[in-house]
């Protein structure tokens, strides 16, 4: 057992170097809270440009894994090795826009001379013309689109998304799925999407991983024709497999 | 079902002759036009009647019209302006220094644990001691000149600025700190983009208290061994029993207090316009 700073090797892959062929490389990752292993000797690799969805019940360790990859797990007891690209963006469940900064300033937060790119990014998520709005003036879906623009304007090699559509209504969520697929096709980041929505994972991902008690219990490549539709028999087959792995029997 | 069926029968037994009672509203009701000025106007009327009938002795309280003519005389010979200027200079100097001191201390103590360990305790102790209780000590140290007066005002001002800015800073949502880390903000960018704007509502609330504290301290220091200022003008008037001049001074203090509070609220509305969608 070792602390984050002690035993854990967190190596940032600066452009090229450590892992040329993989965007994410995790080996033997263990994280413990009060001696309970939330992540238990976990291995995972994600190819550049690959969209991986992470399914699991609450408490299965999916958010812990995402936070470990984002480098947000200070003072957590753990072990293992992980390598992530230098350029990682995170989309949270809440849009996490600074309420006192206008939309464009939120998008380019921390970037220099990026206003033009920020505008383009806003246009990409369908919010051209809202640069001067305050976050509070936007709807929940619009706020989350700004958060997506804030992530993508940084051209991340890895996009980490922690239930980004969890707080949106069902109709808005469907629109966001279409938008996210379009954006990922255009920018080609590797994506790790944490979700508890099985249909969402099948619609969006190239590969779905099911996590239970800190271990990967199922892995399912999704090879369905576009557009992916729940009425497709192949869709239903994958869904029942994943639900099985999640311990939900229908 | 059976209850529903009997309902119409019950209704016919109570014909429309009994008017429907309107529900009483529990709220205070509609806003009265110029409501805020009704109380002061009534007071002014009572004062005028009292003075006109001779029921109020002019030695106790001068008549309102005497106060008005006295104001005119004071302006004509320039005493009002010069005293007001002196007072305003003191108040603003103390306010400015206090704001600076309070903000810097709040940042030092809010952003570093060491800063908090060193600064917060002494400031809380200072807060428990009224500034005016320090006056004897300050007079011994600094004499009775301007530096003593401005120091007293500064000491009264920095505490509310510190308390509210520090509190505003510490209540910034930790989720924003996490965001700042994921987008890779530097320490200075973090302060500029997240900490300062996040603490601004607290700072501005502190400013409202600070402005009041500045005028309050001013009144006291000007009545001690002063040779100029509104407080001195009033002290002098007391010696000669001129209640009209005392009242001119009181009205001035009141007007200055109201004006400056209004100014801070205006700043507040401008600076926090991002909150308007929620608050206003």
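Chains as they are written, first to last, in our numbering: chain A, 27 to 276; chain B, 5 to 284. We treat Cβ as the ideally placed atom computed from N, Cα and C, and that holds for glycine.
Exercise for review: Going by CA-CA distance only, name the one from 124/B, 43/B and 164/B that's closest to residue 99/B.
Suggested key: Start at 1 with the first residue of the second chain, and residue 99/B comes out as number 95. Minimum Cα distance to residue 99/B is reached at 164/B.
Practice item. Please name the residue, chosen from 270/A, 84/A and 79/A, that lies closest to residue 234/A on a Cα-to-Cα basis. Key: In the first chain, residue 234/A corresponds to position 208, counting from 1. That would be 79/A, whose Cα lies nearest to the Cα of residue 234/A.
Practice item. Whole angstroms is fine: what's the gap from residue 226/B's alpha carbon to residue 261/B's? Key: Residue numbering aside, residue 226/B sits at position 222 when the second chain is read from its first letter. Residue numbering aside, residue 261/B sits at position 257 when the second chain is read from its first letter. Roughly 16 angstroms separates the two Cα atoms.
Review point. Is DSSP giving residue 104/A helix, strand or coil here?
Key: The residue given as residue 104/A occupies position 78 in the first chain. If DSSP states are grouped into helix, strand and coil, residue 104/A belongs with the strands.
**Study point:** residue 278/B at chain A interface by Cβ criterion, 8 angstroms
**Key:** Start at 1 with the first residue of the second chain, and residue 278/B comes out as number 274. Interface residue, yes.
**Study point:** Per-residue DSSP class, three states only, for residue 74/A
**Key:** Residue mapping note: residue 74/A aligns to position 48 of the first chain, counting from 1. Residue 74/A: coil per DSSP, three-state reduction.
Review point. Do residue 134/A and residue 177/A come within 8 angstroms of each other at the CB atom, strictly closer than that value?
Key: Taking the first chain and counting its residues from 1, one reaches residue 177/A at position 151. Taking the first chain and counting its residues from 1, one reaches residue 134/A at position 108. No.
Review point. Is residue 249/A near the ligand FAD, going by C-beta to nearest heavy atom under 7 angstroms?
Key: The ligand content of the structure shown is nil, which means the ligand FAD is not present either.
Point to revise | Simplified DSSP state of residue 247/A, which is helix, strand or coil | key: Along the first chain, read from residue 1 onward, the residue named residue 247/A stands at position 221. Note: residue 247/A maps to strand in three-state DSSP.
Exercise for review: Using a Cβ-Cβ cut-off of 8 angstroms, state whether residue 183/A counts as contacting chain B.
Suggested key: Here residue 183/A is taken as the residue at index 157 of the first chain, counted from 1. With 8 angstroms as the cut-off, residue 183/A does not count as an interface residue toward chain B.
Point to revise | Members of the stretch 135-167 of chain A near chain B, C-beta cut-off 9 angstroms | key: 135, 136, 137, 160, 161, 162 and 163
Review point. With a cut-off of 8 angstroms, does the C-beta of residue 120/B fall near any C-beta of chain A?
Key: As a first step, residue 120/B must be located in the second chain, where it is residue number 116. No - not a single Cβ of chain A is within 8 angstroms of the one on residue 120/B.
Review point. Are residue 258/A and residue 250/A touching if we call contact CB-CB under 8 angstroms?
Key: By 1-based counting over the first chain, the position of residue 258/A is 232. By 1-based counting over the first chain, the position of residue 250/A is 224. Yes, these two residues count as a Cβ contact at 8 angstroms.
Check your understanding: Per DSSP, residue 216/A is paired with what?
Key -> What you label residue 216/A is simply residue 190 of the first chain in a count that begins at 1. Looking at the DSSP assignment, residue 216/A forms a beta bridge with 184/A.
Practice item. Please work out which residues of its chain come closer than 8 angstroms, Cβ to Cβ, to residue 265/A, disregarding the five sequence neighbours upstream and downstream, and give them in chain order. Key: Here the question's residue 265/A lines up with position 239 in the first chain. Once the five neighbours on either side are set aside, the close Cβ partners of residue 265/A are 224, 225, 228 and 256.
Review point. Listing by chain order, which chain B residues have their CB less than 7 angstroms from the CB of residue 62/A?
Key: Along the first chain, one-based indexing puts residue 62/A at 36. Simply none; closest approach about 23 angstroms.
Exercise for review: Please list, in chain order, all residues of the same chain as residue 279/B whose beta carbon is under 8 angstroms from its beta carbon, the five residues on each side excluded.
Suggested key: Taking the second chain and counting its residues from 1, the one referred to as residue 279/B is at position 275. Correct list, in chain order: 205.
Check your understanding: Nearest-angstrom Cα distance between residue 68/B and residue 273/B?
Key -> Looking up residue 68/B in the second chain gives position 64. Looking up residue 273/B in the second chain gives position 269. One C-alpha to the other measures close to 36 angstroms.
Review point. Helix, strand or coil: which one does DSSP assign to residue 50/A?
Key: Reading the first chain from its first residue, position 24 is the one you call residue 50/A. DSSP places residue 50/A in strand when its eight states are reduced to three.
Exercise for review: Please name the residue in 35/B, 85/B, 114/B and 42/B whose C-alpha comes closest to that of residue 195/B.
Suggested key: Within the second chain, residue 195/B is the residue found at index 191, counting from 1. When only C-alpha atoms are compared, the closest one is 114/B.
Check your understanding: In terms of residue numbering, what span does the beta strand (DSSP E) encompassing residue 235/A cover?
Key -> Working through the first chain from its first residue, we reach residue 235/A at position 209. 233-238 is the span of the beta strand (DSSP E), which, as asked, contains residue 235/A.
Point to revise | Cβ pair residue 150/A, residue 209/A closer than 8 angstroms | key: Reading the first chain from its first residue, position 124 is the one you call residue 150/A. Reading the first chain from its first residue, position 183 is the one you call residue 209/A. Cβ distance < 8 angstroms, so residue 150/A and residue 209/A count as in contact.
Check your understanding: How far does the alpha helix (DSSP H) with residue 219/B in it reach, from first residue to last?
Key -> In the second chain, counting from the first residue as 1, residue 219/B sits at position 215. Looking at the DSSP string, the run of the alpha helix (DSSP H) that includes residue 219/B is 200-226.
Exercise for review: In the DSSP assignment, find the unbroken alpha helix (DSSP H) run with residue 31/B in it and report its ends.
Suggested key: The residue you call residue 31/B lines up with position 27 of the second chain. Run containing residue 31/B: none; DSSP gives neither H nor E here.
Review point. Is the beta carbon of residue 290/A sitting closer than 8 angstroms to the one on residue 237/A?
Key: Only positions 27 to 276 of chain A appear in this structure, which leaves residue 290/A out of reach.
**Study point:** Inter-residue spacing [alpha-carbon to alpha-carbon] between residue 285/B and residue 249/B
**Key:** What is shown of chain B runs 5 to 284, which leaves residue 285/B out entirely.
Check your understanding: What in chain E is Cβ-close to residue 183/B, meaning under 7 angstroms?
Key -> Looking for chain E here will not work: the only protein chains present are A and B.
Check your understanding: Does the stretch 79-95 of chain B come close enough to the stretch 205-223 of chain B to have 3 or more Cβ pairs within less than 8 angstroms?
Key -> yes
Exercise for review: Using a Cβ-Cβ cut-off of 8 angstroms, state whether residue 274/B counts as contacting chain A.
Suggested key: Taking the second chain and counting its residues from 1, one reaches residue 274/B at position 270. Not an interface residue.
Check your understanding: Taking 8 angstroms as the CB-CB limit, is residue 236/B close to chain A?
Key -> Taking the first residue of the second chain as 1, we reach residue 236/B at position 232. By this cut-off, residue 236/B is not an interface position.
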